[in-house]
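2 protein chains.
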Amino acid sequence: MEARKRGQSGRKATLVDVAERAKVSAITVSRVINHPDKVSDELRRRVQEAIDALGYIPNQSASSLASARSGVIGVAIPSLSNIVFNDVLRGIYDVAGASGYKVLLVDTHYSPLEEESMVRTLLSQSPEAMIITGGEQTGACQRMLKNANVPVVQMMELLENPLDMNVGFSHQKAGYSMAEQILKAGYQRVAFIGARMDQRVQQRLAGFREALEQQSRFDNKLVFTTPQPSSIALGGELFRSMMASTNGAVDAVFCCNDDLALGALFESQRMNINVPTEMGLCGFNDFEASAFVNPSLSSVYAPRYDMGVKAATMIVEVLKDEYQGEKIVDIGYEVRMRQSTHLK
Amino acid sequence: MEARKRGQSGRKATLVDVAERAKVSAITVSRVINHPDKVSDELRRRVQEAIDALGYIPNQSASSLASARSGVIGVAIPSLSNIVFNDVLRGIYDVAGASGYKVLLVDTHYSPLEEESMVRTLLSQSPEAMIITGGEQTGACQRMLKNANVPVVQMMELLENPLDMNVGFSHQKAGYSMAEQILKAGYQRVAFIGARMDQRVQQRLAGFREALEQQSRFDNKLVFTTPQPSSIALGGELFRSMMASTNGAVDAVFCCNDDLALGALFESQRMNINVPTEMGLCGFNDFEASAFVNPSLSSVYAPRYDMGVKAATMIVEVLKDEYQGEKIVDIGYEVRMRQSTHLK
DNA sequence: GTTTATAATGATAGCGCAAACATTGGGCCC
DNA sequence: GGGCCCAATGTTTGCGCTATCATTATAAAC
Numbered sequence: 330m331e332a333r334k335r336g337q338s339g340r341k342a343t344l345v346d347v348a349e350r351a352k353v354s355a356i357t358v359s360r361v362i363n364h365p366d367k368v369s370d371e372l373r374r375r376v377q378e379a380i381d382a383l384g385y386i387p388n389q390s391a392s393s394l395a396s397a398r399s400g401v402i403g404v405a406i407p408s409l410s411n412i413v414f415n416d417v418l419r420g421i422y423d424v425a426g427a428s429g430y431k432v433l434l435v436d437t438h439y440s441p442l443e444e445e446s447m448v449r450t451l452l453s454q455s456p457e458a459m460i461i462t463g464g465e466q467t468g469a470c471q472r473m474l475k476n477a478n479v480p481v482v483q484m485m486e487l488l489e490n491p492l493d494m495n496v497g498f499s500h501q502k503a504g505y506s507m508a509e510q511i512l513k514a515g516y517q518r519v520a521f522i523g524a525r526m527d528q529r530v531q532q533r534l535a536g537f538r539e540a541l542e543q544q545s546r547f548d549n550k551l552v553f554t555t556p557q558p559s560s561i562a563l564g565g566e567l568f569r570s571m572m573a574s575t576n577g578a579v580d581a582v583f584c585c586n587d588d589l590a591l592g593a594l595f596e597s598q599r600m601n602i603n604v605p606t607e608m609g610l611c612g613f614n615d616f617e618a619s620a621f622v623n624p625s626l627s628s629v630y631a632p633r634y635d636m637g638v639k640a641a642t643m644i645v646e647v648l649k650d651e652y653q654g655e656k657i658v659d660i661g662y663e664v665r666m667r668q669s670t671h672l673k
Numbered sequence: 330m331e332a333r334k335r336g337q338s339g340r341k342a343t344l345v346d347v348a349e350r351a352k353v354s355a356i357t358v359s360r361v362i363n364h365p366d367k368v369s370d371e372l373r374r375r376v377q378e379a380i381d382a383l384g385y386i387p388n389q390s391a392s393s394l395a396s397a398r399s400g401v402i403g404v405a406i407p408s409l410s411n412i413v414f415n416d417v418l419r420g421i422y423d424v425a426g427a428s429g430y431k432v433l434l435v436d437t438h439y440s441p442l443e444e445e446s447m448v449r450t451l452l453s454q455s456p457e458a459m460i461i462t463g464g465e466q467t468g469a470c471q472r473m474l475k476n477a478n479v480p481v482v483q484m485m486e487l488l489e490n491p492l493d494m495n496v497g498f499s500h501q502k503a504g505y506s507m508a509e510q511i512l513k514a515g516y517q518r519v520a521f522i523g524a525r526m527d528q529r530v531q532q533r534l535a536g537f538r539e540a541l542e543q544q545s546r547f548d549n550k551l552v553f554t555t556p557q558p559s560s561i562a563l564g565g566e567l568f569r570s571m572m573a574s575t576n577g578a579v580d581a582v583f584c585c586n587d588d589l590a591l592g593a594l595f596e597s598q599r600m601n602i603n604v605p606t607e608m609g610l611c612g613f614n615d616f617e618a619s620a621f622v623n624p625s626l627s628s629v630y631a632p633r634y635d636m637g638v639k640a641a642t643m644i645v646e647v648l649k650d651e652y653q654g655e656k657i658v659d660i661g662y663e664v665r666m667r668q669s670t671h672l673k
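Chains as they are written, first to last, in our numbering: chain A, 330 to 673; chain B, 330 to 673.
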């Protein structure tokens, strides 16, 4: 690359280059960018011209360093491929973007150790706030977050002792409610199939168990779980092996999420098992497909987009010192009973 | 908050705090972090102890400013909620993470103007490289990217004149191939339903049209498009209104993606139209559900994860000055014919 | 035993920007 | 017309870090 003059593409233009070209001081250029109302129309115009001419783009590192404000919100989620988090993310991005914040996003792969390392990376960017998933942080990770001295929101599930703020819903209650509805629909022998088995899935199982135990219908032999990641394919496999090992004793299956449930549904169709008459089926998370598949799939809906919006809004308001609400927000859920559990 | 001493949680520890505690110079601490092999075991141990004791986390802004290396790769995608991009993102994150790069991700909402603004935001973070989607950038955006003087990868589709590097596949050829197969399967009057209608969808339509025209089977009245975002619900609606307006004249539908196709499939089931005998159906992108739904859905698969991996790998290698391959990489696609288009 | 190479550490300066404080030049008051 | 205020602009300084160049200690070379 040839050597070029300032402001040409060889070397990136700086505030000083703009200032020289506009014949003002550097700080005036800074003001035009950050506090345009504090500069006269005339100078503002001249500076803007110079900015455009040079294609000047501010150096955010320098700005962060000088002002101790990075404009970054750090976000850690366990998986990029799980649709559940996309909805939440959309909410976060929408609010953050509208308020002038950037989002630095990391994927922890459902591992607290990886989360710790990722949180360290995020903190090195001097974020003004953090949004993380759930409550299974390592001790070191918790310490870092406290030390960082920025607002932290833990989202997705309700926690006993959040680090700071918390938005989510009770997966245990939701699991309980759904299981309750299944029993109410008249199913007698309800199995559970679950994958990944992270904290939230375990809570759903706990709720399921509680509901069944209340009617003395819980049977540990009907709980089928695996640490493998969820997928439609896996749902089909688990359903098939469940059927093989239970020998017709099961008349409904509570799937820990809609991936598994859809897989089970498609597999039951191929096995010529009628849903819902021979086999009730429900999922969790209420994917769009669940409402449209035939038979439509019962599931638990939670306002995920709103949860992201709420998390980001709390943060933005706390940063402006304007937040009035509670530190722990229950965003709620809704059991949506559809054809797949309609026994009679 | 009370005032506290250095290294306590009141004020974040800096390199100098660590240096004082370890009784070394600041630069030695910097070396322990960035070039540990250049420091003796003894000092490295002492410094590491001080780092741990103070919970020191480097300030990346200061580091970026001093070293002119941010460790950031900027990524712009048109939508956070489209699964298609998640797969690609996973590939990018996996490679970037393994190579020590952070990803700054923005959502352009399919708007070139928003993309321009987001790219400006990304560039202000001094990214070392950029990955963007497609080739519909505004002039100003293209200029910024060229001026930034960093490697740029445009991904998802193959471009005539990429700004720099390019990884993708030809959506037109893919559309052509799929349409060709549909005709080959024996379907006579093939409709097209499309949503969003971004560049890539338009290319799929162009390929579809080309294939049909070659057999004089193209009929513009059988093309149904809308700028609305795709969804399963929309697929059902479009299918229903298509059926209403064409009056039984259509025997197959090419859907621009699997969302629409699944929606059309579920709707056809509710309308008691047999797929594939009365109606052929195909989609695009090959979602996981497409292989498992009944009847299974024909679609076009592209190695999206690999595409993300490739894009990030190219960048990482270019940054190390080690990249040997072509600037334009065709990642290919695969037409997967399944039950939904099995006429005979 | 002097020179030369090498490894380990340190001192200094500066990256680009904005906070804090300083200066200037009206307009306005009585 | 002196004093005061405020808006508009400028000067200085330092954020936390690393590149660069220096310095010292140590080993190797002859």
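Just so you know, even glycine gets a beta-carbon here, dropped at the ideal spot from N, CA and C.
- In the three-state scheme derived from DSSP, where H, G and I count as helix and E and B as strand, residue 367/A is classed as helix.
- The DSSP-derived three-state label of residue 362/A is helix.
- Interface with chain B (8 Å Cβ-Cβ cutoff): residue 525/A is excluded.
- At a cut-off of 8 Å between C-beta atoms, residue 617/A counts as an interface residue with respect to chain B.
- Looking at the backbone, the Cα of residue 391/B and that of residue 454/A are separated by about 10 Å.
- Under the 10 Å beta carbon count, residue 545/B is surrounded by fewer than 16 other beta carbons and is classified as exposed.
- Only 449, 450, 452, 453, 454, 455 from the stretch 443-461 of chain A bring a Cβ to less than 8 Å from some Cβ of chain B.
- Residue-level contact check: residue 632/B does not touch chain A, since none of the beta carbons of chain A fall below 8 Å from its beta carbon.
- Under the 8 Å Cβ criterion, the stretch 449-466 of chain A counts as touching the stretch 523-542 of chain A, having at least three qualifying pairs.
- Classified as buried, residue 457/B has 16 or more neighbouring CB atoms from the shown chains inside 10 Å of its CB.
- Under the Cβ distance rule, residue 612/A does not count among the residues neighbouring chain B, no pair being separated by less than 8 Å.
- Restricting attention to 354/B, 590/B, 475/B, 382/B, the CA atom closest to the CA of residue 384/A is found in 475/B.
- Rounded to whole angstroms, the gap between the alpha carbons of residue 436/A and residue 557/A is 17 Å.
- The residues 361, in chain order, have a CB closer than 7 Å to that of residue 377/A in the same chain once the five nearest residues on each side in sequence are set aside.
- Counting of Cβ neighbours within 10 angstroms places residue 600/B among the exposed residues, the total staying below 16.
- Restricting attention to 426/A, 447/A, 568/A, the CA atom closest to the CA of residue 405/A is found in 447/A.
- One alpha carbon belongs to residue 554/A, the other to residue 561/A, and they sit about 15 Å apart.
- Residue 367/A sits exposed, since fewer than 16 C-beta atoms from the chains shown fall within 10 Å of its C-beta.
- Interface flag for residue 598/A against chain B is set, since a Cβ pair is found closer than 8 Å.
- Note that the C-beta distance between residue 483/A and residue 504/A is not below 8 Å.
- When the beta-carbon positions are compared, residue 496/A and residue 666/A stay at least 8 Å from each other.
- The alpha-carbon separation between residue 653/B and residue 398/A amounts to approximately 40 Å.
- Of the candidates 659/A, 672/A, 550/A, the residue whose Cα lies closest to the Cα of residue 575/A is 550/A.
- Each of 416/B, 417/B, 411/B, 419/B was checked against the Cα of residue 416/A, and the nearest Cα belongs to 411/B.
- Of all residues in the stretch 379-391 of chain B, those with a C-beta nearer than 7 Å to a C-beta of chain A are 384, 386, 387, 388, 389, 390, 391, reading in chain order.
- In this structure, the straight-line span from the alpha carbon of residue 469/B to that of residue 445/B is close to 7 Å.
- Shown in chain order are the members of the stretch 404-431 of chain A whose Cβ falls below 8 Å from a Cβ of chain B: 409, 410, 412, 415, 416, 418, 419, 422, 426, 431.
- Distance between residue 567/A and residue 431/A, taken at the CA atoms: about 41 Å.
- Under the three-state reduction of DSSP output, residue 436/A falls in the strand class.
- By the criterion of a C-beta distance shorter than 6 Å, residue 581/A is surrounded in its chain by 511, 516, 519, 609, once the five residues flanking it on both sides are discounted.
- Looking at the backbone, the Cα of residue 664/B and that of residue 386/B are separated by about 49 Å.
- Check the Cα spacing between residue 523/A and each of 485/A, 490/A, 488/A, 565/A: the tightest is with 565/A.
- Residues of the stretch 557-579 of chain A with a Cβ closer than 9 Å to any Cβ of chain B, in chain order: 560, 561, 562, 564, 565.
- Ranking 618/B, 389/B, 638/B by CA distance to the CA of residue 421/B puts 638/B first.
- Approximately 20 Å separates the beta-carbon atoms of residue 439/B and residue 491/B; this is outside 8 Å, ruling out the contact.
- Closest in C-alpha terms to residue 427/B, from the list 449/B, 451/B, 413/B, 401/B, comes 401/B.
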